[in-house]
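Take a look at the structure set out below.
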Amino acid sequence: MPVWAGEDLHKLAAGNLDKLADFLEGMETECFGESATSESLEGKAFLQAYKSILNSKATEDSLCNFARWEPGHGKFSFKHPWSQYQKIGALSRQCASSMEAMASYVITLTKSQYPEANPELSFKVRTACSEMSSHSAQALRELSAALRTMTVPSTTSMSAAIKAAKTLRSELSEDKALLQVMHVAVTASLLSDLVTQVKKIAESVDNLARLACFKVPEKSQKEVAINIMS
8 MPVWAGEDLH
18 KLAAGNLDKL
28 ADFLEGMETE
38 CFGESATSES
48 LEGKAFLQAY
58 KSILNSKATE
68 DSLCNFARWE
78 PGHGKFSFKH
88 PWSQYQKIGA
98 LSRQCASSME
108 AMASYVITLT
118 KSQYPEANPE
128 LSFKVRTACS
138 EMSSHSAQAL
148 RELSAALRTM
158 TVPSTTSMSA
168 AIKAAKTLRS
178 ELSEDKALLQ
188 VMHVAVTASL
198 LSDLVTQVKK
208 IAESVDNLAR
218 LACFKVPEKS
228 QKEVAINIMS
């Protein structure tokens, strides 16, 4: 069996999206979920999930250069838009860099260090953070799956994450009481920025899906048919 650079590049892009999702799922569970504790997050595996992405550019560029010279194979035509993977990769690294900044911040926080002066407001912000983490992680999982299967990705989870981020930004700008839970507000702001990064990745994957003519999942086709009939 021949080893195709294009196929390796394709798998690398999908795998990196899964690693970004690993970080966000860890944030949701360890920081905002019901099982979150007051212990330090230092040493938690999910805080390392994005690390390999930061140094992936050289590998991506090499694979992309080789892929351009390969004949059509499998699901990849001779004119497959390989350069689009470099754009997805660049956005993935930007997202990983933002995750690194967030990891450096949350690793210093524990509930015991920062008692909640306003429990109700803190709960509201933590709930929004949980939603952003969960929906963004799910959106990345769906984007990764879309790449692997070469199908048009769903926008449901991404839309939910954007909605949660917009709601939280409104809270951050209007509620002066957030100064009482500033450590939570800073985490929320960093997480809101991550949602924006994931949105850019989603748009880039959508462009790849259009350029490479990814197939539309049967479920989406049925939903379109139902909408037309209703």
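Sequential numbering of the sequence shown, starting at 8, is according to the working numbering.
We put the CB at the ideal spot given by N, CA and C, even for glycine.
All figures in this text were calculated on a predicted structure; none of them were measured in a lab.
- Query: Between 25, 87, 55, 40, which lies nearest to residue 12 when the distance is taken from Cα to Cα?
  - Reply: Its Cα nearest to that of residue 12, the residue 87 stands out among 25, 87, 55, 40.
- residue 222 - DSSP class collapsed to helix/strand/coil: Of the three classes helix, strand and coil, the one that applies to residue 222 here is strand, per DSSP.
- Task: Using the DSSP secondary-structure output, state which residues sit across from residue 158 in a beta bridge.
- Result: BP columns for residue 158 point to 222.
- Query: Terminal residues of the continuous alpha helix (DSSP H) containing residue 73?
  - Reply: Residue 73 -> alpha helix (DSSP H) spans 64-74.
- Task: Go ahead and pull the three-state DSSP assignment for residue 17.
- Result: If DSSP states are grouped into helix, strand and coil, residue 17 belongs with the helices.
- Task: Could you check if residue 161 is buried or exposed, using at least 16 other CB atoms within 10 Å of its CB as the buried criterion?
- Result: Under this definition residue 161 is a buried residue.
- Item | residue 143 versus residue 25: straight-line alpha-carbon distance, rounded | The straight-line gap separating the alpha-carbon atoms of residue 143 and residue 25 is approximately 11 Å.
- alpha helix (DSSP H) containing residue 111: first to last residue? Here the alpha helix (DSSP H) through residue 111 covers 90-113.
- Query: Under the DSSP definition of a beta bridge, which residues are partnered with residue 83?
  - Reply: Paired residues: 80.
- Message: Could you check whether the stretch 212-228 touches the stretch 146-161, counting it as contact only if at least three pairs of C-beta atoms, one from each stretch, sit closer than 8 Å?
- Response: The stretch 212-228 is in contact with the stretch 146-161.
- How about residue 37 and residue 48: do their beta carbons lie closer than 8 Å? Going by beta carbons, residue 37 and residue 48 fall inside the 8 Å limit.
- Query: Ordered along the chain, which non-local residues of its own chain (more than five positions away) have a Cβ less than 6 Å from that of residue 132?
  - Reply: These residues qualify, in order along the chain: 191, 195.
- Where residue 149 sits in the DSSP three-state scheme: When DSSP states are grouped into helix, strand and coil, residue 149 belongs to the helix group.
- In or out: residue 41 buried (at least 16 other Cβ within 10 Å) or exposed? By the 10 Å Cβ count, residue 41 comes out exposed.
- From the DSSP output, in three-state form, read off residue 193 for me. Secondary structure at residue 193: helix, using DSSP grouped into helix, strand and coil.
- Message: Report the CB separation of residue 60 from residue 103 in whole angstroms; it is logged as a contact under 8 Å.
- Response: The Cβ separation is near 4 Å, so the contact holds.
- Message: With a threshold of 7 Å on Cβ separation, who are the neighbours of residue 176 within its own chain once the five nearest residues in sequence on each side are excluded?
- Response: Counting only Cβ-Cβ distances below 7 Å, and skipping sequence neighbours, we find 199.
- Item | CB of residue 53 within 8 Å of CB of residue 73, strictly | Contact flag unset, no.
- Return helix, strand or coil for residue 121, following the three-state DSSP convention. Note that residue 121 scores a pLDDT of 48, beneath 50, so its modelled location is shaky and nothing firm can be said.
- Query: What number of angstroms, rounded off, separates the C-alpha of residue 277 from the C-alpha of residue 114?
  - Reply: The first residue shown for the chain is 8 and the last is 237, placing residue 277 beyond what the model contains.
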